[in-house]
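Numbering (our numbering), first residue to last: 13 to 465.
The beta carbon of each residue, even a glycine, is placed where N, CA and C say it ideally should be.
Reading through the structure tokens given below for one structure.
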Amino acid sequence: MKEKILIVEDDPAMRLGMTHFLKSHGYEIKSCDNGIKALELIENEIFEIAIFDLKLPGIDGITLLQKIKHKNPNTSVIIITAFAEVKTAVQAIKEGAFDYLAKPFSNDELLLIIERALKFRNLEIEIEYLRKKVRQKEVFEGLVGISNAMKEIFEKIRVVSQTDVPVLIQGESGTGKELIADAIQRLSNRKRSPYIKINCAAIPETLFESELFGYEKGAFTGANETKKGKLELANEGTIFFDEIADMPLSLQAKLLRVIEDGIVYRLGGKEPVKVNLRFIYATCKNIKELIKTGKFREDLFYRINVVPIYIPPLKDRREDIPVLIEHYLEYYVQKYNKKNIQISPSAYEALLSYDYPGNVRELKHALERGVILSKDGIMDIKNLPEEISGLINVKTDCLKEYISLKECLENFEKSLILKTLKDCDGKKVEAARKLGISRKTLWEKIKFYKLEE
Ligand SMILES: Nc1ncnc2c1ncn2[C@@H]1O[C@H](COP(=O)(O)OP(=O)(O)OP(=O)(O)O)[C@@H](O)[C@H]1O
Ligand SMILES: [Mg+2]
13 MKEKILIVED DPAMRLGMTH FLKSHGYEIK SCDNGIKALE LIENEIFEIA IFDLKLPGID
73 GITLLQKIKH KNPNTSVIII TAFAEVKTAV QAIKEGAFDY LAKPFSNDEL LLIIERALKF
133 RNLEIEIEYL RKKVRQKEVF EGLVGISNAM KEIFEKIRVV SQTDVPVLIQ GESGTGKELI
193 ADAIQRLSNR KRSPYIKINC AAIPETLFES ELFGYEKGAF TGANETKKGK LELANEGTIF
253 FDEIADMPLS LQAKLLRVIE DGIVYRLGGK EPVKVNLRFI YATCKNIKEL IKTGKFREDL
313 FYRINVVPIY IPPLKDRRED IPVLIEHYLE YYVQKYNKKN IQISPSAYEA LLSYDYPGNV
373 RELKHALERG VILSKDGIMD IKNLPEEISG LINVKTDCLK EYISLKECLE NFEKSLILKT
433 LKDCDGKKVE AARKLGISRK TLWEKIKFYK LEE
């Protein structure tokens, strides 16, 4: 069966003529004589093409066009128009109609325009499909990246998720360590078993042990009933120790024993509980340094660092920045129900050249803010956080060309003073205090850099 076409035409001879002709060319035709009936038809069926006159009984052609496009943007609309109405026909095209046919027209012209519309429609669908595919390639289990570093990480995730080996994920804050841990869990054959996350930096030392190991009723005052610890709750599944470097030393020894024996004792309990666990760890700290200063047990480090995954900071894999921008732009445009948003060239340049000390998290927040503040479909540089838009980008300014140290320091001083003044709403007393200089010095510098305005 060929494509489905809807014909709305109040002139019976014309309606029947078109229907008959197009049916003879294998198309499936539904027809009606007014706009209201047409609306009923599009409610229940999907048409590849809709053909109708702009002047219709019941509802005007432009409104019908809008409703059809709203219902299914992929339906191609062909408008039939009298010569005198060409202006309205042009408006219809602006509203999304594919083309118009001026009366009178021949059957061949009708066929030609339909074939053209279908060809165009298929192309559009194909482009959309390809774009989606490209986008899918850039996203692996919620992780966006095209840099070699990220591709290697994706590959490592694929491999380690099929085993039970311990994984240690390292990277600065906001680089996606938790996303990686989640991906490994999701791809593993433990995906339907418990997945317990423990943030070692967030649990006070005094509660840590009972959190991990649980306790028997009466083990200490307040232990009114037996409670399972996280290690036990995660049995048969995966346990993720986030910020492992912050685990207190006393507990490191206890964890080491669990890793080695696979046995847990609840506080106050004598019965060994056997646990089968997959361990994932993450940290943004340099554990080797902590070992040197005695803050982390070396023997534990060797146990957890079986497969290391290191995520470089975003500034060291800049190829990922544009795809992350695209990804999160689309995400927030949808989330905040905005229509397409264009990033202005200056904003785009700022986004591309920034160093992102907060890594992907910072980029993500910048785009969220940019989308919210954008106006008239444009995200401008002033919609970005100040660190990114940068009054004067000191670093690149100095590196662009070989300027003297004095000039570079002056640039820096000037931008710092400007930023502080801005932060303090121009209040000089406050700005001087923040900068750690006297009011008089601040005054002199304002005059020197001509910052009065
Ligand atoms: N490659 C990526 N693709 C898409 N989003 C990412 C990526 N990396 C990080 N993010 C997003 O950035 C934010 C921070 O990621 P995540 O919490 O995994 O980082 P982290 O390394 O655990 O940070 P922290 O050390 O501060 O806990 C999340 O919102 C996450 O969705
Ligand atoms: Mg984290």
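Legend entry - Where Arg315 falls: helix, strand or coil (DSSP): Looking at Arg315 - three-state DSSP - the assignment turns out to be helix.
Legend entry - Backbone CA spacing between Asp65 and Ser36 [nearest angstrom]: 22 Å
Inset, instruction - Could you tell me if the beta carbon of Ala129 falls within a distance shorter than 8 Å of some heavy atom in ligand 2? - result: No.
Legend entry - Exposure label - Phe225; buried when at least 16 CB within 10 Å: buried
Legend entry - Bridge-paired residues (DSSP) for Lys286: Ile275
Legend entry - Limits of the alpha helix (DSSP H) - the one that Ala214 falls within: Taken as a continuous stretch (DSSP letters only), Ala214 belongs to no alpha helix (DSSP H), as it is neither H nor E.
Legend entry - Where the beta strand (DSSP E) through Ser43 begins and ends: 40–44
Inset, instruction - Tell me whether Gly402 is buried or exposed, calling it buried when 16 or more other Cβ atoms sit within 10 Å of its Cβ. - result: Gly402 should be labelled buried.
Inset, instruction - Indicate, with yes or no, if ligand 2 has a heavy atom lying under 8 Å from the CB of Glu15. - result: no
Legend entry - Heavy atom of ligand 2 within 8 Å of Ala50 beta-carbon: no
Inset, instruction - Look at the Cβ atom of Ile74, then the Cβ atom of Gln103, and state whether they are nearer than 9 Å. - result: yes
Inset, instruction - Can you tell me which of the three DSSP states Glu21 falls into? - result: coil
Legend entry - Leu430 to Pro397 span [Cα, whole Å]: 16 Å
Inset, instruction - Using a threshold of 9 Å, state whether the C-beta atoms of Tyr360 and Ile400 are closer than that. - result: No, they are not a contact pair.
Legend entry - Backbone CA spacing between Asp111 and Lys16 [nearest angstrom]: 18 Å
Inset, instruction - Could you spell out where the alpha helix (DSSP H) holding Ala359 opens and where it closes? - result: 357–365
Legend entry - Candidates Lys229, Arg143, Val287, of which the one nearest Thr250 by Cα: Val287
Inset, instruction - Under 7 Å Cβ to Cβ from Thr432, same chain only, skipping five residues before and after it: list those, please. - result: Ala443, Lys446, Leu447.
Inset, instruction - Compute the minimum distance between the beta carbon of Lys376 and the heavy atoms of ligand 1, and state whether it is under 8 Å. - result: yes
Inset, instruction - Report all residues from its chain with a CB closer than 7 Å to the CB of Asp409; omit the five preceding and five following residues, and keep chain order. - result: Residue placement at Asp409 is poorly supported in this model, since its pLDDT is 49, which falls under 50; the coordinates still yield a value, given next. Asn423.
Inset, instruction - Give a yes or no on contact between the segment 279–297 and the segment 326–340, applying the rule of three or more CB pairs nearer than 8 Å. - result: no
Legend entry - Validate contact between the segment 166–186 and the segment 345–365 using beta carbons, cut 8 Å, 3 pairs: no
Inset, instruction - Grab the span of the beta strand (DSSP E) containing Gly230 for me, first residue to last. - result: Looking at the DSSP string, Gly230 is not in any beta strand (DSSP E), and its letter there is neither H nor E.
Legend entry - Pairwise C-alpha distance: Ile196 and Ser205: 13 Å
Legend entry - CA-to-CA distance, Phe308 to Thr187, given in whole angstroms: 23 Å
Legend entry - Pair within 9 Å by beta-carbon distance, Tyr92 and Lys106: Going by the sequence as given, residue 92 is Ile instead of Tyr. Not closer than 9 Å, so no.
Inset, instruction - Indicate, with yes or no, if ligand 1 has a heavy atom lying under 8 Å from the CB of Thr491. - result: In the structure displayed, the chain extends from 13 to 465; residue 491 sits before or after that span and is not available.
Inset, instruction - Return yes when the C-beta of Lys163 is under 8 Å from any heavy atom of ligand 1, and no when it is not. - result: Not so, every heavy atom of ligand 1 lies at least 8 Å from the Cβ.
Legend entry - Beta-carbon spacing of Gln174, Asn201 below 9 Å: Between Gln174 and Asn201, the C-beta spacing is below 9 Å.
Inset, instruction - Could you tell me if the beta carbon of Thr187 falls within a distance shorter than 8 Å of some heavy atom in ligand 1? - result: Flag set: Cβ of Thr187 near ligand 1.
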